[in-house]
Every structure is written in C-alpha cells, then in structure tokens.
Amino acid sequence: MLSSLSLSKAATRAETNSQQRMPREPRVPHSHHYGHDAGSDSIGKYRDEEGLEAAAMRAAGNSTLGFSSIKCINLPHRYDRADAATLQAYLAGIDLEAYPAVRPDQIVDVRMPPSSNPRALKRGEKGCWRAHANIWAEMLRNRLPPDVNVRPVMALLSKQLTRLLRESGSRPLYQDRRRDILSLGACFDEPYKTASTARPQPHVRYADPFAPSGDAIFRAMDTTGQRTVHRGGGWVCTTAYAITQRGAAKLLLRTAMNLNAPVDMIVRDVVQRGEAVAYGAVPTVFAQRRRDGAESIENGSDDDDDDEENLTGWDEAMRTKSVWGLKAEHVHAAFKIMALEAAVRGSFSFI
Numbered sequence: 001m002l003s004s005l006s007l008s009k010a011a012t013r014a015e016t017n018s019q020q021r022m023p024r025e026p027r028v029p030h031s032h033h034y035g036h037d038a039g040s041d042s043i044g045k046y047r048d049e050e051g052l053e054a055a056a057m058r059a060a061g062n063s064t065l066g067f068s069s070i071k072c073i074n075l076p077h078r079y080d081r082a083d084a085a086t087l088q089a090y091l092a093g094i095d096l097e098a099y100p101a102v103r104p105d106q107i108v109d110v111r112m113p114p115s116s117n118p119r120a121l122k123r124g125e126k127g128c129w130r131a132h133a134n135i136w137a138e139m140l141r142n143r144l145p146p147d148v149n150v151r152p153v154m155a156l157l158s159k160q161l162t163r164l165l166r167e168s169g170s171r172p173l174y175q176d177r178r179r180d181i182l183s184l185g186a187c188f189d190e191p192y193k194t195a196s197t198a199r200p201q202p203h204v205r206y207a208d209p210f211a212p213s214g215d216a217i218f219r220a221m222d223t224t225g226q227r228t229v230h231r232g233g234g235w236v237c238t239t240a241y242a243i244t245q246r247g248a249a250k251l252l253l254r255t256a257m258n259l260n261a262p263v264d265m266i267v268r269d270v271v272q273r274g275e276a277v278a279y280g281a282v283p284t285v286f287a288q289r290r291r292d293g294a295e296s297i298e299n300g301s302d303d304d305d306d307d308e309e310n311l312t313g314w315d316e317a318m319r320t321k322s323v324w325g326l327k328a329e330h331v332h333a334a335f336k337i338m339a340l341e342a343a344v345r346g347s348f349s350f351i
C-alpha cells in the first residue's frame, strides 16, 4: 500500500537545494481527453513540443512531483505509518494527501464484483483493492488531471523517460495516449516482452547520483549510481505508482468484470496482456520500510494478548537512533540515507 512508502533525501534535493520549500511550478495545461486542441487558447504558449517537455520536466520537481496529487493510503488506526509518512513528506518538501484505507469489516461480499476464483482473496486483500479502486473512481468522477505530459518523480527521470519514448517511436509526447501507469515503487519488476519475441523492449540507463548502490537489479547489470527506465512488463506490490485517467478506467473495468486476485496481481496481469501500457524505474524511487522486529504488526496483528514481545535490540536502536529496516523485497532500493534517519542525525537544519 502507498502508506508503506519511504522518501529519500534525494527527493528533498529535487525540490530545493536550500532545504526550503519552493512554490509549485505551474502545471502544463491539459485537456480531459488525453490530447490538446491546436486551436485552444489554454495552450497558446505551449504550442511548441519542446516547450511542453521543458515545462513538464520543471513540474516533475515540484511539491507534487508534477502530478495533480499524491495520495497515501493508510488504515485509520495506523498512527505509526501516518506519522512516518507525514514526517518524510515534510522533510522531502512533498505535499501528501492522506487517503482512508478500507477495513476488512467494511467488506460485504454481496457488494463485491464477480470473481472467477472467489476463494483467492482474503477480506484484507479485498479492502486493499477497494482503497485503490476508490482513488481510480475519484479520478474519473472529478476529472483529476492525469500525467499525460510525462512528469515522473524527478526532472532527471522525466528527461530520460522522454528520451525512451522518443526512441520507441511514440507520437509527440503531449499527444501520446499510450501511457497508463508509471511504477515508482515495487517489490519486483521486469521489462515488457511481446508475444513475438523474448527480448525486452528498449530501455535507457542514466547516471543518478542519488541512486542506491546495488547489483544484479536489472538484467544482471551493476546499477551503482545509475537508474534504468523501461517499458514495464508487470510488477508485484503497489508501493507507489502514478496512473492516468485512462489507466484508472481500465483497472476499474477489469476488476468490475473479475476480481480474482490481489490488486497488484491484477495490475500485473493487465500490463502483461498488453491491455495497459506501463513504464517503470529501476532501482525504484520509493521503497517499503518497517519497524525492525515488527513482522507481526506489519502483517496486521493488533492483538494485545500476543506472546511476550521481543525487547532485545533497544540498545542498538538508541545508539543508531533508528528503528527502521528495509523490507527484504526492497533490498535493492535502499536509499543512501533515509529521510527519517537523516533527520535524527541532524542532517536537516530545520528540525
């Protein structure tokens, strides 16, 4: 869930070099029909494609990373996650909108979509899907502006995604409708493959001073100090992703027809079938962290009568001033320094 995301210090530098928030860049004018009317006055100064791209890249470094909003799904009783997300957003200069998760006790089977495998999902997994679906539906009802002008998380990533789209033969970026989802945080990702070839689609590797150190992340290539942006072939975990109105409509339709798997598996299926076009970044921009030794809590156990807690490790936690650990599935996305850890070590002058 989006409530598990962690923000790196890199995001702070993308927002400002002075550790002070900057006013939002004006967003690129858009229509609700995934295209621009050449005669519209609303895009008068953006008629030139390069002007559109330049504005989009600037917007990718603003306080919503160029998107209309950033929503963080969280259960109402998970104050620990809410506070962690709020602190990290504050430290990174990002505007985060809390969004209510759907509790298992709110799930009534008679109200669920049909399923070809009705026993596949637990109530908690149905609630997870519904929270995401509520956002998709809200996007369509309120016509929330999608990211049709390529505004990924940072201006650097935006520039490289633009390059990849050009090399793959897409239409001019402000007219291209073939983008539905951008994965910014996942447990597993792979390049997209067509049925006619086993070779992955083109990808772009580029230097990123904030990229974590690691190896064997993308096609067994060392990615230390580098990221790769590529056409996505489906991923596991919906830690963080951006979606257009068209993408939201596709996923709502798919789950309304057959809710037969957890939400990330459904997204993966739609992408692998070529029914939605996705792109992703490796290493991911967002990763999941948890409190060290909190496996049972992270898995949803809130029983006060559980066995005696393991209280070992507190001396080390007080020495390092950290109680956070990276989830095993995100080991290759470890930030050079996590925002909360940077804060307790005094790396931010305003805290």
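Per UniProt numbering, residue 1 is the first one in the sequence shown, and the count goes up by one each step. Built from N, CA and C at the ideal position, the CB exists for glycine as well.
| Asked | Found |
| --- | --- |
| Give the secondary structure of P191 by DSSP, where H, G and I count as helix, E and B as strand, and everything else as coil. | strand |
| With respect to the beta strand (DSSP E) encompassing T238, which residues constitute its N-terminal and C-terminal limits? | Element bounds for T238: n/a, residue is neither H nor E. |
| Count the CB pairs spanning the region 106-115 and the region 68-88 that are closer than 8 Å, and state whether there are at least three. | no |
| Classify A256: buried if its beta carbon has 16 or more other beta carbons within 10 angstroms, exposed otherwise. | exposed |
| Thinking C-alpha only, which one of V271, F286, L253, R166 is nearest residue 372? | Residue 372 is absent from the model: the chain starts at 1 and stops at 351. |
| Which same chain residues end up closer than 6 Å to R123 when comparing Cβ atoms and leaving out the 5 residues on each side of it in sequence? | P104, I107 |
| For I266, collect the residues of the same chain with a Cβ closer than 8 Å to its Cβ; drop the 5 residues on either side in sequence, then sort them by chain order. | W129, L251, R254, T255, L259, N260 |
| Could you tell me if S183 is buried or exposed, where buried requires 16 or more neighbouring beta carbons within 10 angstroms of its beta carbon? | buried |
| Helix, strand or coil for K71? Go by DSSP, reduced to three states. | strand |
| Identify whether E125 lies in helix, strand or coil by the three-state DSSP scheme. | helix |
| Mind checking T284: buried by the 16 CB within 10 Å criterion, or exposed? | buried |
| Return the residue from the list E190, T320, A59 that minimises the CA-CA distance to H230. | E190 |
| In angstroms, rounded to a whole number, what distance separates the CA positions of R227 and L157? | 9 Å |
| Straight-line CA distance for I181 to A137? | 15 Å |
| To the nearest whole angstrom, what separates the beta carbons of P209 and G233, a pair I think is in contact under 8 Å? | Actually they are not in contact, since the Cβ atoms of P209 and G233 sit about 28 Å apart, beyond 8 Å. |
| Going by C-alpha to C-alpha distance, which of Q160, L164, R273, E167 sits closest to A60? | Q160 |
| The beta strand (DSSP E) with I266 in it runs from where to where? | Unbroken run through I266 is the alpha helix (DSSP H), 263-272; no beta strand (DSSP E). |
| Assuming P118 and P100 are in contact, meaning their beta carbons sit under 8 Å apart, how far apart are those beta carbons, in whole angstroms? | Going by Cβ atoms, the distance from P118 to P100 rounds to 26 Å, so no, they are not a contact pair. |
| Please report the distance separating the alpha-carbon of R163 from that of V282. | 16 Å |
| For R219, which residues in the same chain have their Cβ closer than 7 Å to its Cβ, ignoring the five residues on either side in sequence? | Here the model assigns R219 a pLDDT of 49, short of 50, so the residue's position is not dependable, and the following value carries that caveat. Same-chain partners within the cutoff: there are none. |
| Which word fits G313, buried or exposed, when buried means at least 16 other C-beta atoms lie within 10 angstroms of its C-beta? | exposed |
| How close, in whole Å, do the beta carbons of P262 and E167 come, if the pair is a contact with beta carbons under 8 Å? | No, P262 and E167 are not in contact; Cβ-Cβ is about 34 Å, not under 8 Å. |
| Which parts of the region 72-137 are runs of the beta strand (DSSP E), unbroken and 3 residues or longer, counting only runs that do not cross its ends? | 97-100 |
| In angstroms with no decimal places, state the Cα-to-Cα distance between R81 and N74. | 7 Å |
| Please look up how many angstroms separate the CB atoms of F286 and A211, rounded, as I've assumed it's under 8 Å. | Actually they do not touch by this definition, with Cβ atoms about 13 Å apart. |
| So what does R227 bridge to, in DSSP terms? | Y206 |
| Express the C-alpha separation of R273 and A317 in angstroms, rounding to a whole number. | 46 Å |
| DSSP three-state label for L182, please. | strand |
| Hey, quick one: how far does the alpha helix (DSSP H) through G247 stretch, first residue to last? | 245-257 |
| Which one of V323, D95, D269 has the shortest CA to CA distance from Y192? | D269 |
| Considering only the alpha carbon of each residue, which of T244, A89, A278 lies closest to H203? | A278 |
| Exposed or buried, D215, counting other C-beta atoms within 10 Å across all chains shown (16 or more means buried)? | Interpretation of D215 is limited by its pLDDT of 46, a score under 50 that renders its predicted location unreliable; the figure taken from the coordinates is listed afterwards. D215 comes out exposed. |
| Just the Cα atoms here: how many angstroms apart are A98 and S322? | 24 Å |
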